[in-house]
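This report refers to the structure that appears directly beneath it.
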Amino acid sequence: MPFTAGEHAETGSSLTLFTVPHGALVVYDESSQSGTIIEDQETVARRRENCDLLRAMALSPRDSGAMIRAVMKDWSPCQPPRA
Numbered sequence: 000m001p002f003t004a005g006e007h008a009e010t011g012s013s014l015t016l017f018t019v020p021h022g023a024l025v026v027y028d029e030s031s032q033s034g035t036i037i038e039d040q041e042t043v044a045r046r047r048e049n050c051d052l053l054r055a056m057a058l059s060p061r062d063s064g065a066m067i068r069a070v071m072k073d074w075s076p077c078q079p080p081r082a
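Numbering-wise (numbering that gives the first Met the number 0), the sequence shown opens with residue 0 and increments by one.
Following this line, the structure appears as structure tokens:
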């Protein structure tokens, strides 16, 4: 997600959608300190919509590649700390 898109509903967490063997969709929500499996279908639907909106806001694969190449032009490795 480009920083120019600003904050979004899923800022600060990692969201994974799973379809479990009996066919229901569940969410695995992971933050820096914990992970939660969400099975409540109303909440799952809301989080899925958030995921769909993020996908719509994201750069295309071609634009993502162009952004990465542009950033790599200015990249240089950090110097290791002195012992």
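In this text, a Cβ means the ideal position worked out from N, Cα and C, and glycines have one as well.
As the structure is a prediction and not an experimental result, all values here were calculated from the model.
With a threshold of 6 Å on Cβ separation, who are the neighbours of residue i within its own chain once the five nearest residues in sequence on each side are excluded?
i     : result
Gly34 : none
Return the Cβ separation of residue i and residue j in integer angstroms, given the expectation that the two are a contact with Cβ distance under 8 Å.
i     : j     : result
Leu24 : Thr18 : 6 Å
Grab me the residues of residue i's own chain with a C-beta within less than 7 Å of its C-beta, minus the 5 sequence neighbours each way, in chain order.
i     : result
Cys83 : Coverage of the chain is limited to positions 0 through 82, which leaves residue 83 absent and any answer about it impossible.
Here's the rule: buried if 16 or more other CB atoms are within 10 angstroms of the residue's CB, otherwise exposed. What is residue i?
i     : result
Arg46 : buried
Val26 : buried
DSSP on residue i, reduced to helix/strand/coil?
i     : result
Ser13 : strand
Glu48 : helix
Asp39 : coil
Gly34 : strand
Leu53 : helix
Val25 : strand
Using a threshold of 6 Å, is the CB atom of residue i nearer than that to any non-hydrogen atom of the ligand PLP?
i     : result
Ser75 : Judged by which ligands are present, the structure shown has none, so any question about the ligand PLP falls away.
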